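Report on one structure; see the data block that follows.
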Amino acid sequence: MAQTPTARETQKSAAEKLYQAATEQLNRGEFLAALKTFEQVLATIRQINYPQAEAATINQIGLVYNNLGEFQKALSYYRQALTFFNSKKLGKSKAQL
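Going left to right, the sequence shown walks through residues -12 to 84 as the numbering used here numbers them.
What follows is the structure, encoded as structure tokens:
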């Protein structure tokens, strides 16, 4: 018998789908749309305490700012992501930048 997903699992799945959509926007060069979508992802994953996805999303926001030519903002986000990747919150997951 299949179990009903929890609210957290439902939000996690929705965030992962949004992350994919944002990545596709980024790949198509739709940087402002990607930024908005990644910010939605970030808000959701912070609500459900999903640090691996938070680190990856912060890194992607840095990439968006890099593509927009806003290098100081990009660097700020890259540093935040690196801090997450190197933190104990992620267990064995480490930065591979």
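Using N, Cα and C, we set each Cβ at its ideal position, and we do this for glycine too.
Computed from a predicted model, the values in this text were never measured in an experiment.
Leu62 and Ala42 have their C-alpha atoms roughly 14 Å apart.
Going by C-alpha positions, Asn54 is about 24 Å away from Ile32. Apart from the 5 residues on each side of it in sequence, Thr44 sits with its Cβ closer than 7 Å to the Cβ of Tyr6, Phe25, Val28, Leu29 and Ile32 in its chain, given in chain order. Collapsing the DSSP output to three states places Gly49 in a helix. Phe71 has its alpha-carbon roughly 8 Å from the corresponding atom of Pro38.
Contact between Thr10 and Gln47 holds: their C-beta atoms lie close to 7 Å from each other, under 8 Å. Each of Gly49, Ile35 and Thr(-9) was checked against the Cα of Leu69, and the nearest Cα belongs to Gly49.
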